[in-house]
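Asker:
Printed below as a string of structure tokens:
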């Protein structure tokens, strides 16, 4: 071998002992971890082969350790802490034990595999372990491997009683290229997961940690390995076996060429590994959830927040630490100052106000202070971006939320605050309105509320005059103002809405976990355990049962026709998925007289969407569009009302604002009480309406599905319902929702696609809801009406068309296929009473008409197909000329029935 294997030897100066310490106290074996290294020496060492490396391991003592990276300088060096290095004028041969000063070698190096046993895992003998590794990773058949036991193994008392058995293993391989070590470790992990040798370890805080036979967290060029035995107290001895070589099975010897022998895993292997991880996480989730709940209760007490009104803020503090690895100013750390043995409980806010004092201080793990019996496994780094690194659970780095303000550089503090907001995952852009989600509803954050909220996650500081250090301050008003006025350029997570139900995506997949879903941009606020997993790929019998369950609360309602039953089914599906859809039609319950159960039916549909009885809204006022606009925007703006339940709407409805709401995925209007516009506010509202003999304008009729209920002929008060439908739905809502999602997901995932025209105004609703209705017809043999057909029929029989078609027929009778003007119409109407009435009906006037007024209203009809007639228009010499033509239309029959010849 021409090029020797190189690695780094670390000799400790302070503390003198690096290894774990064991002693007997009160008849029990006690473990003590040495203090973190503050001073030492590193030297480059080399061996000829793996056998020589094994001999070298036997010379290591408890004040020494190994690193498998090498110094970037290539020189032996003194080692001190990062802070000492910053404060001293040390020469080039003094370094810190950080990645800045170490690298993987472009040459022969040592690849170390650390095998520890988690609770409940079976142990291996050395022979079993090597066989297991070679079975899972066949490429290792070409590698010589050196085995030793971990430093805590095989400890005995003076009488020969074993106190610790095999606590773990080390397996070493001499690799050809040290720079390939991180990739090699990653590829080994993939192979272990793909072969069924991965598992989930659940920490005390409920964090699900991916683990395999080998610890995958140790592959950093500056990571320390402690191959020496333990430092033993009186009456203890250690009897670990000597290092043992396992030769390659295929006769190879020397360096292991990992770069060529262990190729990147093929796609199918990666997919198997990912599937195994997903399955393991799913199986571990119930236990992880319970541990998380228990951990939050215990840590809440440690934070000292006992009052009920602080429970929400405590949860936010703990969720930030657990999910985002952000420690806000209220988080309590247990810190050990230099030269002291005890720990102080100090808030992050206090630490950030005295960075000089606490920089480089040791601390217990922030999530589990009792980790390894309360050992100081963490360290604070407060220069630049403040952080805490803990070596617990494979190593995690936490950000200490701080924003430092410097006069003249406010924009930098603003940018840092926005970064903290993004990392926290608690702030969203609803259109251009800054919101947070509180109890499942978006809450707009204006100046004072935002200042209060941001102070909960970030500690603002400013330099202290005359001395080194900083002073804690409240969020500066200028920063608050800048962030609010940046609006959508804040580039926070976009929020389209919130849902208290599992979220179905357009591809049929379901987001069954609460929280923000980046695919749909919906925040789910629901208990995942209550809804459970949504069944998929079931039998037709299962789907029939799901449909029966979904419709069971409504079996007492008497619908006038199949169109109404179809509208009910579509309304139920829409109530379940409305938060996921950009737009959706309205659903109207109509009857000829009171007492049919219209309001109850609307409440029942709304209860599916809300999980509570929906509040009712007063009917829309004719000619009061400004009031309607204000009501609509107040319902869309945070906290946003998910259901508009308009009750007792009677007569004709013609509202441009309502038409706009029904075909707009977002609205823009003025914020209440302010002069600023709120732009692109997402519209995820479900619109329900009930009343007697409601008629809709043509523009609205194509945006509505109507359910007509039969009226009991014995009178208004004769209708009796056995069940309280709304109460029934609220008591079993989860089962109704699961039934609905089962059908929706099955339809979306099916290959049985519907061919034919869609509904352009409601493309997502068409894809999700209408497609499911049609899929139920084809798959389960039902006879629901295509919702598109219902909409076409409603538009064809709209009042305007019923009034306009007879007028066009009269004009055809008068002028035939000849061209005519508005003046010609007025001249003919002087001798034709019916035509005169029809023209006045078109204009809405009762007095004398002029060519101009008639022309204005005729212009609205140009090019439109009304039944089987179309009015054509042409301008000749500044005058409008019209002509009628006959066209084929499915509407003609309906219109003739409504008022033809």
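Residue numbers (the working numbering): 35 to 935. Don't be surprised by glycine CBs; every beta carbon is placed ideally from N, CA and C.
(1) Could you check what DSSP says for residue 344 in three-state terms: helix, strand or coil?
(2) Checking 9 Å against the spacing of the C-beta atoms, do residue 48 and residue 74 come in under that value?
(3) For residue 385 and residue 367, which I take to be in contact (beta-carbon distance under 8 Å), what is that distance rounded to the nearest angstrom?
(4) Tell whether a beta-carbon distance below 9 Å holds between residue 596 and residue 793.
(5) I need the DSSP call for residue 235, collapsed to helix, strand or coil.
(6) In this structure, does DSSP put residue 461 in helix, strand or coil?
(7) Evaluate contact between the segment 177-187 and the segment 107-118, counting only Cβ atoms and requiring at least three cross-stretch pairs below 8 Å.
(8) Under a Cβ-count criterion, where at least 16 other Cβ atoms within 10 Å of its own Cβ denotes burial, should residue 343 be classed as buried or exposed?
(9) Say whether the segment 227-234 touches the segment 406-426, bearing in mind that this needs 3 or more beta-carbon pairs closer than 8 Å, one atom from each stretch.
(10) Just checking, does the segment 581-598 make contact with the segment 735-745 on the three C-beta pairs under 8 Å criterion?
(11) Inspect the CB distances between the segment 773-783 and the segment 801-808 and report whether three or more fall short of 8 Å.
(12) From the DSSP output, read off the bridge partner residues of residue 593.
(13) Determine the closest residue to residue 653 out of 639, 670, 671 and 689, with distance taken between C-alpha atoms.
(14) Would you kindly report the start and end of the unbroken alpha helix (DSSP H) that includes residue 654?
(15) For residue 469, count neighbouring C-beta atoms within 10 Å of its own C-beta (all shown protein chains included) and say buried if the count is 16 or more, exposed if not.
(16) Comparing C-alpha positions only, which one of 315, 536 and 352 sits nearest to residue 329?
(17) Output the distance between the C-alpha atoms of residue 821 and residue 671, rounded to the nearest integer angstrom.
(18) Out of 657, 576, 324 and 677, which one is the CA nearest neighbour of residue 606?
(19) What do you reckon, are the CB atoms on residue 25 and residue 798 nearer than 9 Å?
(20) Assuming residue 91 contacts residue 277 under a Cβ cut-off of 8 Å, what Cβ separation, rounded to an integer in Å, is found between them?
(21) Considering only their Cβ atoms, is the gap separating residue 574 from residue 814 smaller than 9 Å?
(22) Provide the residue(s) that pair with residue 118 in DSSP beta bridges, ordered along the chain.
(23) Rounded to whole angstroms, what is the Cα-Cα separation between residue 837 and residue 895?
(24) From residue 480 to residue 459, what does the alpha carbon distance come to, in whole angstroms?
(25) Does the structure place the segment 904-919 close enough to the segment 843-859 that three or more beta carbon pairs sit under 8 Å?
(26) List the whole-angstrom C-beta distance separating residue 355 from residue 401, where the pair is believed to meet the contact cut-off of C-beta under 8 Å.
(27) Between 494, 349 and 487, which has its C-alpha nearest residue 420's C-alpha?
(28) Tell me which same chain residues have a C-beta within less than 6 Å of the C-beta of residue 817, skipping the five on either side of it?
(29) Would residue 78 and residue 42 be called neighbours here (beta carbons separated by less than 9 Å)?
(30) Residue 341 to residue 687, Cα distance in whole Å?
(31) Pull up the distance between the alpha-carbon of residue 166 and that of residue 247, whole angstroms please.
(32) State the DSSP-derived secondary structure class of residue 660, mapped to helix, strand or coil.
(33) Could you spell out where the alpha helix (DSSP H) holding residue 6 opens and where it closes?
(34) Any chance the segment 122-130 sits against the segment 193-213, with 3 or more Cβ pairs inside 8 Å?
(35) Mind the definition here: the segment 512-525 touches the segment 534-553 only if three or more C-beta pairs lie below 8 Å; say whether that holds.
(36) Among the candidates 222, 724, 245 and 208, whose CA atom is the shortest distance from the CA of residue 622?
Answerer: Answer, in terms of the structure:
(1) Reliability fails at residue 344, whose pLDDT of 45 lies under 50, so the model's placement of it is uncertain and the value that follows must be treated cautiously. Looking at residue 344 - three-state DSSP - the assignment turns out to be helix.
(2) Yes, Cβ-Cβ distance for residue 48 and residue 74 is below 9 Å.
(3) Contact flag correct, Cβ pair sits at about 7 Å.
(4) Between residue 596 and residue 793, the C-beta gap is not smaller than 9 Å, which leaves the two residues out of contact.
(5) Judged by DSSP in its simplified three-state form, residue 235 adopts strand.
(6) In this structure, residue 461 counts as coil in the three-state DSSP scheme.
(7) no
(8) Confidence in residue 343 is poor, its pLDDT being 40 and thus under 50, which makes the residue's placement unreliable; the coordinate value appears in the next sentence. The residue in question, residue 343, is exposed, as its Cβ has fewer than 16 Cβ neighbours within 10 Å.
(9) Touching, no.
(10) yes
(11) yes
(12) 743
(13) Among 639, 670, 671 and 689, the Cα nearest to that of residue 653 is on 689.
(14) Where residue 654 is concerned, there is no enclosing alpha helix (DSSP H), given that its DSSP letter is neither H nor E.
(15) Label assigned to residue 469: buried.
(16) 352
(17) So the two alpha carbons sit approximately 30 Å from each other.
(18) 677
(19) Nothing can be reported for residue 25: it is not among the residues displayed for the chain, which extend from 35 to 935.
(20) Indeed, because the Cβ distance is near 5 Å, the residues count as touching under 8 Å.
(21) yes
(22) Looking at the DSSP assignment, residue 118 forms no beta bridge with any residue, so it has no partner.
(23) 12 Å
(24) 18 Å
(25) yes
(26) 6 Å
(27) 494
(28) none
(29) yes
(30) Since pLDDT at residue 341 reaches only 33, below the 50 mark, its modelled position is unreliable, and the value read off the structure follows with that caveat. When rounded, the distance between both Cα atoms is 51 Å.
(31) Rounded to the nearest angstrom, the two C-alpha atoms are 9 Å apart.
(32) helix
(33) This structure cannot speak to residue 6, because the chain is shown only from 35 to 935.
(34) no
(35) no
(36) Cα-wise, what sits closest to residue 622 is 724.
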